[in-house]
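A.B. asks:
Residue numbers (the numbering used here): 14 to 299.
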């Protein structure tokens with residue numbers, strides 16, 4: 014521990030015997046301008062060009078983020094069809110519960126851990142999310158339009174070395190998606206509000222393809238997303254992201270028909286895994 018009044022440490026360095034040529038009270042071998050100290054050990058002279066380049070690389074790489082996740086969900090979907098003269102009207106109500114585990118890190122962590130700059134313990138963020146989603150959809154002019162409302166609780170654990178910080182936030186989200194029932198492309202608009210005062214507005218477009226029968230299906234989803242994130246204490250953040258996800262699902266269906274009315278109830282179990290890479294402007298406090 015350092016006594017700031019004397020500029021000295023209270024206690025003797027426990028490794029003093031291994032560095033008998035050095036004062037047990039010195040810091041960075043008394044070379045505080047041209048060297049940095051290795052976790053309390055001896056001084057390590059800096060290569061100023063390499064140091065500056067490494068710091069620039071780390072700052073630039075901090076703009077990039079990487080994530081991977083896996084999720085499990087249970088979904089109950091109710092569909093009602095009716096024939097009105099020569100037109101068929103379809104209504105759908107879906108309720109699903111999803112549990113997601115997600116890990117994220119920034120590109121700068123790599124350069125700080127492997128570059129010429131002093132090693133810094135990588136910061137890892139893990140998210141455990143439980144959400145419930147209610148959605149409705151309708152088929153109009155051969156395009157499926159769906160709207161969903163979801164509520165979720167996320168526990169975020171940030172780890173840096175032996176330090177761990179855990180926070181819990183609740184989120185409400187609304188999403189509108191337009192997709193063609195035959196061709197893969199789709200577009201969605203999403204807005205999210207969290208309990209910590211953060212709002213996210215995103216536009217997402219991509220393609221989705223699936224194989225297999227309805228009761229056992231495998232699908233792949235690739236999309237691009239542009240978003241704006243705002244909060245009370247930080248300036249707005251603008252970002253762009255590419256995501257890829259694979260989903261395996263199994264379904265059980267019960268169908269009842271009486272006259273012009275038809276009702277179907279489908280229970281679906283889904284398992285998903287995905288990854289993303291993105292770039293966003295730095296988070297700056299107001």
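All C-beta atoms in this analysis are idealised placements derived from N, C-alpha and C, irrespective of residue type, glycine included.
Going by other Cβ atoms of all chains shown within 10 Å of its Cβ, with 16 needed for buried, is residue 199 buried or exposed?
C.D. replies: Your numbering for residue 199 matches position 186 in the chain shown. Residue 199 should be labelled buried.
A.B. asks: Can you tell me the Cα-Cα spacing of residue 241 and residue 250, whole angstroms?
C.D. replies: To locate residue 241, count along the chain shown from 1; it is residue 228. To locate residue 250, count along the chain shown from 1; it is residue 237. The alpha-carbon atoms of residue 241 and residue 250 are separated by roughly 6 Å.
A.B. asks: What are the residues that DSSP puts in a beta bridge with residue 90?
C.D. replies: Residue numbering aside, residue 90 sits at position 77 when the chain shown is read from its first letter. Answer by DSSP bridge pairing, in chain order: 107 and 279.
A.B. asks: By how many angstroms is the C-alpha of residue 27 removed from the C-alpha of residue 88?
C.D. replies: Along the chain shown, one-based indexing puts residue 88 at 75. Along the chain shown, one-based indexing puts residue 27 at 14. Roughly 60 Å separates the two Cα atoms.
A.B. asks: Quick test of your reading: residue 204 and residue 186, contact by CB under 8 Å. State the CB separation rounded to the nearest angstrom.
C.D. replies: Taking the first residue of the chain shown as position 1, residue 204 is located at position 191. Taking the first residue of the chain shown as position 1, residue 186 is located at position 173. Correct: roughly 7 Å between the Cβ atoms.
A.B. asks: Roughly how many whole angstroms lie between the Cα atoms of residue 30 and residue 43?
C.D. replies: The residue given as residue 30 occupies position 17 in the chain shown. The residue given as residue 43 occupies position 30 in the chain shown. Looking at the two C-alpha atoms, the distance is approximately 18 Å.
A.B. asks: Taking DSSP as the reference, what is the three-state secondary structure of residue 30?
C.D. replies: In the chain shown, counting from the first residue as 1, residue 30 sits at position 17. DSSP places residue 30 in helix when its eight states are reduced to three.
A.B. asks: So what does DSSP say about residue 16, is it helix, strand or coil?
C.D. replies: Start at 1 with the first residue of the chain shown, and residue 16 comes out as number 3. Note: residue 16 maps to strand in three-state DSSP.
A.B. asks: Please classify residue 209: does DSSP put it in a helix, a strand, or coil?
C.D. replies: Counted from its first residue, the chain shown places residue 209 at position 196. Of the three classes helix, strand and coil, the one that applies to residue 209 here is coil, per DSSP.
A.B. asks: Under 7 Å, do residue 190 and residue 201 count as touching if we go by C-beta distance?
C.D. replies: Numbered from 1 along the chain shown, position 177 holds the residue referred to as residue 190. Numbered from 1 along the chain shown, position 188 holds the residue referred to as residue 201. Yes.
A.B. asks: Measuring CB to CB, does residue 111 end up less than 7 Å from residue 144?
C.D. replies: Translated into the one-based positions of the chain shown, residue 111 becomes position 98. Translated into the one-based positions of the chain shown, residue 144 becomes position 131. Yes, the pair counts as a contact, with Cβ atoms nearer than the cut-off.
A.B. asks: Taking buried to mean at least 16 other C-beta atoms within 10 Å of its own C-beta, is residue 150 buried or exposed?
C.D. replies: Reading the chain shown from its first residue, position 137 is the one you call residue 150. With 16 or more neighbouring CB atoms inside 10 Å of its own CB, residue 150 falls in the buried class.
A.B. asks: Just how far apart, CA to CA, sit residue 233 and residue 181?
C.D. replies: Numbered from its first residue, the chain shown carries residue 233 at position 220. Numbered from its first residue, the chain shown carries residue 181 at position 168. For residue 233 and residue 181, the distance between alpha carbons rounds to 31 Å.
A.B. asks: On the three-state DSSP scale, how would you describe residue 130?
C.D. replies: Taking the first residue of the chain shown as position 1, residue 130 is located at position 117. Low per-residue confidence applies at residue 130: pLDDT is 44, beneath 50, and the placement is therefore not dependable enough to give any value.
A.B. asks: Threshold first: 3 residues or longer. Then list the beta strand (DSSP E) segments lying entirely within the stretch 157-201, N to C.
C.D. replies: Contiguous beta strand (DSSP E) elements confined to the stretch 157-201 occur at 176-192, taking only those with 3 or more residues.
A.B. asks: Closer than 6 Å by C-beta to residue 146: which residues in its own chain qualify, once you throw out the five before and the five after it? Chain order, please.
C.D. replies: As a working note, residue 146 is residue 133 in the chain shown. Result list for residue 146: 109, 161 and 163, in chain order.
A.B. asks: Assign residue 156 to one of two classes, buried (16 or more other C-beta atoms within 10 Å of its C-beta) or exposed (fewer than that).
C.D. replies: Position 143 of the chain shown holds residue 156. Result: exposed.
A.B. asks: Say whether the stretch 73-83 touches the stretch 291-299, bearing in mind that this needs 3 or more beta-carbon pairs closer than 8 Å, one atom from each stretch.
C.D. replies: yes
A.B. asks: Is residue 74 helix, strand or coil by DSSP?
C.D. replies: Your numbering for residue 74 matches position 61 in the chain shown. Three-state result, residue 74: helix.
A.B. asks: Can you give, in chain order, each stretch of the beta strand (DSSP E) that sits fully within the stretch 211-273 and has at least 3 residues?
C.D. replies: Those beta strand (DSSP E) runs which fall completely within the stretch 211-273 and span 3+ residues are 212-224, 229-243 and 250-271.
A.B. asks: Quick one: what does DSSP say residue 114 is sitting in, helix, strand or coil?
C.D. replies: Within the chain shown, residue 114 is the residue found at index 101, counting from 1. Here residue 114 sits in strand by DSSP.
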